[in-house]
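See below for the structure under consideration.
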Amino acid sequence: MEPKFIKQHHPELFSWKELEYLINIRPLMTQKRSHILFEEETYFKWRSTGWQKDKNCYPPTLIRKLIEENICYFTDMSRCTEKINSFAKNLEDEYEHQTDAHIYMCRNIELEHPFGAHFDTSHNVIVQCEGTTNFKVWNEVDPKSNYTKMTPEELPGEPVLDVEMEPGDAIWIPMYYPHLATSRTKRLSVSFAINKNPLKEGFEDRAWVKI
Ligand SMILES: [Fe+2]
Numbered sequence: 140m141e142p143k144f145i146k147q148h149h150p151e152l153f154s155w156k157e158l159e160y161l162i163n164i165r166p167l168m169t170q171k172r173s174h175i176l177f178e179e180e181t182y183f184k185w186r187s188t189g190w191q192k193d194k195n196c197y198p199p200t201l202i203r204k205l206i207e208e209n210i211c212y213f214t215d216m217s218r219c220t221e222k223i224n225s226f227a228k229n230l231e232d233e234y235e236h237q238t239d240a241h242i243y244m245c246r247n248i249e250l251e252h253p254f255g256a257h258f259d260t261s262h263n264v265i266v267q268c269e270g271t272t273n274f275k276v277w278n279e280v281d282p283k284s285n286y287t288k289m290t291p292e293e294l295p296g297e298p299v300l301d302v303e304m305e306p307g308d309a310i311w312i313p314m315y316y317p318h319l320a321t322s323r324t325k326r327l328s329v330s331f332a333i334n335k336n337p338l339k340e341g342f343e344d345r346a347w348v349k350i
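Our numbering runs 139 ahead of the 1-based position in the sequence shown.
Put into structure tokens, the structure is as follows:
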């Protein structure tokens with residue numbers, strides 16, 4: 140994969156309205172799938188009713204507060220809509236590796252991105268869905284270099300990409316390429332993470348059930 144940026148690659152991939160539908164399905168909002176980026180370790184307690192099969196799902200009143208105040212992302216979302224499932228399938232066909240979709244959102248733009256400039260150990264294709272985010276991408280670094288978050292000044296040279304992502308725009312970030320996302324407005328994006336390891340378990344079942 141090479142770093143690249145395409146404007147208006149997928150204008151209708153996902154929206155706040157579609158996210159609203161998903162986060163109201165309480166059984167989907169498991170603690171394993173919902174990642175809330177707190178500055179310090181935070182614990183919550185809530186009551187569950189007898190009908191709930193999985194007690195470790197965030198209650199809607201709490202998740203509404205958490206998403207307004209924190210940066211959050213939801214993993215294991217590659218089948219959450221037909222469009223996202225088919226985008227993931229296209230990437231799996233092209234790169235021949237398993238692909239997940241992570242839904243990222245930031246509704247509090249005062250927050251500094253907790254990851255800072257960092258690199259990932261998977262290729263990522265990110266589609267901006269709502270709002271504006273500045274993305275900077277630097278050239279590949281040695282994977283053994285400092286893995287913790289870096290400031291842009293610590294990175295070698297100028298970014299190879301420095302783009303304002305608007306809804307529909309997409310960016311390709313290869314593994315080991317440091318990148319920094321800065322939300323300009325409230326934003327929603329879907330990040331497709333392409334596993335670097337060869338397939339062991341096979342691909343996700345991408346059949347879409349139609350009634
Ligand atoms: Fe990343």
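All residues carry an ideal CB built from backbone N, CA and C; glycine is no exception. In this text, all values refer to a predicted model and were calculated from it rather than measured experimentally.
If you draw a straight line from the Cα of Gly-296 to the Cα of Glu-251, it comes to about 22 Å.
With a minimum length of 4 residues, the unbroken runs of alpha helix (DSSP H) contained wholly in the stretch 157 to 227 fall at 199 to 208.
Comparing alpha carbon positions, the residue from Lys-171, Gln-147, Gly-189, Lys-143 closest to Gly-307 is Gln-147.
Inter-residue distance for Gln-267 and Ser-154 is about 10 Å (C-alpha atoms, whole angstroms).
Taking C-beta atoms under 8 Å as the contact rule, Ala-256 and His-174 fail to qualify, at a distance of about 19 Å. A distance criterion of 8 Å places the beta-carbon of Asn-273 beyond contact range of ligand 1, judged by its closest non-hydrogen atom.
Cα atoms of Glu-208 and Asn-195: separation of roughly 21 Å, rounded to the nearest angstrom.
Your pair Trp-311 and Lys-143 checks out as a contact, with CB atoms roughly 5 Å apart and the cut at 8 Å.
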